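Just below is one structure, and these are the notes that go with it.
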Amino acid sequence: MAQLDPVQVAFDSAIRDFRDKLQNDDLYRDIVQVKSIGEVYDATDKLQQEQGKKGHLRHLSKIAHYLNRINDYKNAIDIFIQVKPDILGLIWGPIVLLLQWASILNTSFDAILNTIQEIGQALPDFERAARLFDQNKLIKDVLLSFFKDILEFYLVAFNFFRLPRLKYVFEALWPRHRDKIRIVIKRLDSYNLLLRKEVQFEHIQEQHDVTLRSLDHFEKAEKAHQLQEYYGIRTELSPRTYDDKLDWLRGRLCSGTGEWLLNDQTFTQWLNVSDVSLRLIWIQGIPGAGCNLSWTTLNHQAGKIPKSRTLFAFVSHIYATSALSILHSLIFQLTSGDEVLQTVLCRTSRENFKSNFNVALEIFSTLLACSGPVFVMVDGLDEMEKTERSRLVTGLINAQAKCEQIRICFSSRLEDDLRVLLEKDAALIRVDNHNIDSIYEFVRQWSEKWFLERRVAWLVITKVLVWLLKQADHVIGMFLYMKIVLSSIDDMGDWDEICNALTVLPETLNDACTELTAVIRYGRIFSQINRHPVRKEKARKLLGWIACSPTPLTVREIQCGLSIKADDREGGVRRLADLNVEKLCGPIVEVVDDYVQFVHFTVKDPSIDAHIDIRDFTLSLTTSCITFLCQKHHDPQLPVDKIRENVLDGTYVFHEYAAINWFDLVTKCVSLDPAGIAAPDLIRLLNEVSTERKNITYIAHNEDVEKLTMHTFKRLEPELFEMLSKVASFRDLCLYSPRPSKEVIALDPLTVTQTSVLIEKATNDLICRNQTVHGNNCYCDQIRDYSGDRLFKCRFSHCHFRRQGFSHMGDLKSHEKYHDRPWKCDISTCDFAKGGFLSRRMRDEHFEKAHQVQSSDAVFTLPPTDPDDLKSMTIDLLLNANVENVDGIRSAVQVASFPYGTKETIFNEIAARGSLYQLRLAKDLFGLSVVDFRAAIDSAIKASNVECLEFLVREFTRRSGRLHTPAPELRGILTRLPHSISTEMCNIFEKYGREDIEICIDNSKGRRATSMGYIIHAYMSTYQLSAMKGNVQTEQLLLKVIDRKHYIKAIDKVYVGKSLLHVAQSSCSVRLATFLIDAGADVDYRKTELYMTPLHYAARKKSSEAADLMKFLLQCGANPGLIPRNKHQIQDEEGAKGISKWLGLSWNELVEQTKKERDDMQAKRISSPD
0 MAQLDPVQVA
10 FDSAIRDFRD
20 KLQNDDLYRD
30 IVQVKSIGEV
40 YDATDKLQQE
50 QGKKGHLRHL
60 SKIAHYLNRI
70 NDYKNAIDIF
80 IQVKPDILGL
90 IWGPIVLLLQ
100 WASILNTSFD
110 AILNTIQEIG
120 QALPDFERAA
130 RLFDQNKLIK
140 DVLLSFFKDI
150 LEFYLVAFNF
160 FRLPRLKYVF
170 EALWPRHRDK
180 IRIVIKRLDS
190 YNLLLRKEVQ
200 FEHIQEQHDV
210 TLRSLDHFEK
220 AEKAHQLQEY
230 YGIRTELSPR
240 TYDDKLDWLR
250 GRLCSGTGEW
260 LLNDQTFTQW
270 LNVSDVSLRL
280 IWIQGIPGAG
290 CNLSWTTLNH
300 QAGKIPKSRT
310 LFAFVSHIYA
320 TSALSILHSL
330 IFQLTSGDEV
340 LQTVLCRTSR
350 ENFKSNFNVA
360 LEIFSTLLAC
370 SGPVFVMVDG
380 LDEMEKTERS
390 RLVTGLINAQ
400 AKCEQIRICF
410 SSRLEDDLRV
420 LLEKDAALIR
430 VDNHNIDSIY
440 EFVRQWSEKW
450 FLERRVAWLV
460 ITKVLVWLLK
470 QADHVIGMFL
480 YMKIVLSSID
490 DMGDWDEICN
500 ALTVLPETLN
510 DACTELTAVI
520 RYGRIFSQIN
530 RHPVRKEKAR
540 KLLGWIACSP
550 TPLTVREIQC
560 GLSIKADDRE
570 GGVRRLADLN
580 VEKLCGPIVE
590 VVDDYVQFVH
600 FTVKDPSIDA
610 HIDIRDFTLS
620 LTTSCITFLC
630 QKHHDPQLPV
640 DKIRENVLDG
650 TYVFHEYAAI
660 NWFDLVTKCV
670 SLDPAGIAAP
680 DLIRLLNEVS
690 TERKNITYIA
700 HNEDVEKLTM
710 HTFKRLEPEL
720 FEMLSKVASF
730 RDLCLYSPRP
740 SKEVIALDPL
750 TVTQTSVLIE
760 KATNDLICRN
770 QTVHGNNCYC
780 DQIRDYSGDR
790 LFKCRFSHCH
800 FRRQGFSHMG
810 DLKSHEKYHD
820 RPWKCDISTC
830 DFAKGGFLSR
840 RMRDEHFEKA
850 HQVQSSDAVF
860 TLPPTDPDDL
870 KSMTIDLLLN
880 ANVENVDGIR
890 SAVQVASFPY
900 GTKETIFNEI
910 AARGSLYQLR
920 LAKDLFGLSV
930 VDFRAAIDSA
940 IKASNVECLE
950 FLVREFTRRS
960 GRLHTPAPEL
970 RGILTRLPHS
980 ISTEMCNIFE
990 KYGREDIEIC
1000 IDNSKGRRAT
1010 SMGYIIHAYM
1020 STYQLSAMKG
1030 NVQTEQLLLK
1040 VIDRKHYIKA
1050 IDKVYVGKSL
1060 LHVAQSSCSV
1070 RLATFLIDAG
1080 ADVDYRKTEL
1090 YMTPLHYAAR
1100 KKSSEAADLM
1110 KFLLQCGANP
1120 GLIPRNKHQI
1130 QDEEGAKGIS
1140 KWLGLSWNEL
1150 VEQTKKERDD
1160 MQAKRISSPD
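Numbering follows numbering that gives the first Met the number 0, in which position 922 of the sequence shown is assigned residue number 921; successive positions increment by one, without gaps.
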């Protein structure tokens, strides 16, 4: 048997290793098809011809040196081994494939050409190697080692250029792979030293080991840096996750729920990723149909699709969910566990990612383009504010248009705005039309459990079950209604009582909807609560607090809060036993993850006022919080031992909630107060907390202390207003900071922050750091009994985990380290040398923008020139202004001579394109009056420059010299708003629109009713309403500004009636008419009998809006027979005669139908008094 050549065996082994790492036999066969340098040149000539046809020739001659060196290498190894076809294929084949793959993009093709050129320049002279064989046999080992390293280069390159959708990810991922290739290039360059006659085997082995270690270190370091950057971004944004909610829903599914979906053709077609004809579905149902339960089944099925990702979000009325927050959550769900997508995210420019929906949407679209099939599912759209859900739906549909692999499912009840957005493109699946079997199964399983618990006699079981299943037929798909019915009979033990409860169920769908709404809106349940005087006060207060609280309350917080007495300043241990909130309040509340919430979001509805006065219970919750902070246990001079004792007995359970929310509750109380001030009890408590909790070490800081807009409160209580403004300023200062130091505590005008730090320290000292091994004197169980299992809280006050916490210290540390900003600026004098950035890219972009500038001594000149050139040069200077060059720019602009109107034009341009710093500079330089801000505001709106817009609107609203009882200044700007603006802009106009009204009222010198009437009348003039016609978002914004209880109560009803006439004369908006009638407008208002009513004005218009308004007015009791002298009958007007075109009813039929509806409603009220 012939002896095997060990060098040949080593080459064969290297080939096998390469093939194993490649993990693709088909690709390997394609590689080894190319056997010579001639075939490589043939392939490059073909590529050159194709590029010439497309008009973008590339410089292929760059790789000639590399090919020549590799050919010399092939000739060298020919001398001592038999070169097999696979060796030749692995020498030449990868070059051809890499060029073909990279040719899809000019940038990627140039990148691989430059890399190959760089390698070619590093390669040694292999012709010299051939002459050294006789002098040193180890040269063979050098050439073998080179073969392994060149295969390593090919592997790194293959792994990159084989990525799916390379054109989307090239820019983000190439730098990292290029750096890795350069490690291999450095190794290849070392062969110039090894190819010498003195080389020893240990030299070869050492060089090879160095390369392996370098690659391994590079991989680990890059991965660690990227993870740090990724989790830093994630922590900064704190995206909400919904896995706990999904698990909570799954735990409440009874077997069989949602199985009808598996047989639904629309659903199965949507799940089929190869079918591109159906990619958007809308799961829809009436309130209480159980859409989220069916949605959970759908989510489970989508998760079974191989090689796909399922992203999901639950919208809840409890949180002020924005479209941007949901998008952030979807982005981090998509990138979680995917190294490629994490790299794309980290390398993508993320300027304004945190605050701009469009930027986040663009990033999301890029990530989707780099992914496989993705299912995006959003449940509860109807619980979002209309503007936000419109942005979310439109944005996701636009992202879907760019990426065929994304499939979207929305779940909600029917809303008009959603119907407009979705009915054209989405396939509809109605839950309430299919879920009767699921309701039967729920009733059966609930009944079985109930029979066992209540020991129901066997003879009665069948009878009761038949009755319950019969009731399920009547609920018409309303799963929640059946659940509430069963809950209401849970405590009943008498057969007659149960029968009576089950005989009042609805007969029709409309009755069912009405009854469900009535149940949800407290009627029946409150009547039960009111029958028990002992629990009445506690239950009503609990429900009121849930309704008005800015953040959800836990069971323990509610229990502690309810025990606080107004005159108690001692405090102390309160809890004897856990509070059963579900038993106390009935089936309209539930406890989710220890937080108490309403069972359905429609519970939190304006009609709650029939049973609970939100103003009263907001005041109640506010006074409880402030009273708690004034009690003895919050004295900052309390000994440490006493604080520890209080921690152990649960005294501070309510602390975190009270300390975080008391200020927001105070401002809410003031806004709800009809007089714009506050109740005497609250004023008394604010004076007490201002005195008893005054921070004697307080240091005023250089902030504008007037952060609030409570003008009436400021006038009547100036000292309290100053204190609250300082608190607001301090809260803004500490929003994104960890628990403050002593220096920062001194900036709080109250001692609340100081006490919080003491409580936190005492709690942390009592908790075992290692929760798996507890010490002898362990207090963890005792603290957990009061505080729950999540003992370790985040130090950052804005973070979601400040209240929620973690179960283990390790989880907290992992979370908190990404609050830090690891990438520091290299300029020691820069503010970011200590603060740092979340990512390396952000640090680099900052350096380029902030430190690559002219010196502060730079002098700019604006020579006399054409006016247009002067304007352009000034705009360029101002748009590049910063703290280092501002003096030179200021000097240049001040000496320039501008034609009339040029300064205003420049200012408008800066408002659109500049920063707030640059806008302030322009304002100061040009000496513009805020009266001239109108055009600049328009420019900022069009450019979506939120930062500049807020400054302009604030200055415009607060300017001095306004007349007494003026019309609101912002009304003209509202008429010019585009049909779609961001939530940030809406919030600006809502905030300063209300301040605008407060200033008008303040200037009215006590004539509040007349002032408010004039304001409403001004906002709803025929000109205003005609200009806003069809702009739903502006209408909604207008109502947010003026629809406040203390405004409405103060309105002179004559002005309200006039405004209703204006609506009928112009936009015919049912939304605005509803507001006005609710505010007290006479539906038949007219100046005298000689004038027409709103119904008559609407009847003169031929449009769908006018038809809807006529129907609404008739439903509200408008009299169709009120006719002024010498005017047509209403039925003879053009709009009334043609109303069947829009409503499908003639005028007379409409009058009769609405009259019957009013009569039926009146009869029902008489027969069923509340």
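Backbone N, C-alpha and C define an ideal beta-carbon position, used for all residues, glycine too. Computed from a predicted structure; not experimentally measured.
In terms of Cβ geometry, Val377 and Phe409 form a close pair [threshold 8 Å].
As the crow flies, the alpha-carbon of Gly37 is around 57 Å from that of Leu297. Annotation: Ile625 to Arg919 spans about 39 Å, alpha carbon to alpha carbon.
Approximately 29 Å separates the beta-carbon atoms of Leu226 and Phe17; this is outside 8 Å, ruling out the contact. With a contact defined as Cβ atoms closer than 8 Å, Phe146 and Ala13 qualify at about 6 Å.
Just measuring C-alpha positions, the residue of Asp663, Leu681, Asp672 and Glu1132 sitting nearest Ser724 is Asp663.
CA-CA distance, Leu96 to Tyr72, rounds to 20 Å. Ranked by how close their Cα comes to the Cα of Phe906, the residues Lys870, Ser896 and Ala1162 have Lys870 in first place.
In the structure shown, Asp378 falls within a strand segment according to DSSP collapsed to helix, strand and coil.
Scanning the region 322-386 for uninterrupted alpha helix (DSSP H) segments of 4 residues or longer gives 322-334, 338-346 and 356-368, listed from N- to C-terminal end. Counting only residues of its own chain and dropping the five nearest sequence neighbours on each side, Asp29 has a CB closer than 8 Å to the CB of Gly92 and Leu96. Approximately 6 Å separates the beta-carbon atoms of Ile940 and Leu948; this is inside 8 Å, confirming the contact. Within the DSSP bridge table, the entry for Trp281 names Phe409 and Leu427 as partners. If you check the CB distance, Gly560 and His632 do not come in under 8 Å. CA-to-CA, the gap between Trp1141 and Ile987 works out to about 37 Å. When secondary structure is reduced to three states using DSSP, Ala565 falls in the coil class, being assigned neither helix nor strand.
If only uninterrupted alpha helix (DSSP H) runs of at least 4 residues are considered, those enclosed by the region 15-94 are 24-30, 36-53 and 63-77. When the beta-carbon positions are compared, Val590 and Val580 come within less than 8 Å of each other. Contact check between the region 304-312 and the region 323-340: three or more CB pairs, one atom from each, fall below 8 Å, which counts as touching. CA-to-CA, the gap between Lys990 and Ser670 works out to about 12 Å.
Each of Ser1103, Asp1159, Leu1121 and Arg1124 was checked against the Cα of Ile1138, and the nearest Cα belongs to Ser1103.
For Leu749, the beta-bridge partners assigned by DSSP are Lys693. Taken through DSSP and simplified to helix, strand or coil, Val590 comes out as strand. Ala312 sits in a strand when the DSSP states are folded into three classes. Using a Cβ distance threshold of 8 Å, Val945 and Glu983 count as a contacting pair. Under the Cβ criterion (8 Å, minimum of three pairs), the region 758-765 does not count as touching the region 709-724.
The beta carbons of Val430 and Gly284 sit closer together than 8 Å. For Trp445, the CB contacts under 6 Å within the same chain, skipping 5 residues up- and downstream, are Leu485 in chain order. Membership of Glu403 in any alpha helix (DSSP H) is not indicated, and neither H nor E is assigned to it by DSSP. Under the 10 Å beta carbon count, Asn694 is surrounded by 16 or more other beta carbons and is classified as buried. At a Cβ-Cβ threshold of 8 Å, Gly1134 and Ala1106 count as neighbours. Assignment of Thr553 by DSSP, reduced to helix, strand and coil, places it in the strand class. With three or more CB-CB distances shorter than 8 Å, the region 362-372 counts as touching the region 393-402. Shown here, Val595 sits in a strand according to DSSP, grouped into three states. Residue environment for Ala699: exposed (fewer than 16 other C-beta atoms within 10 angstroms of its C-beta). 8 Å or more divides the Cβ of Met481 from the Cβ of Val419.
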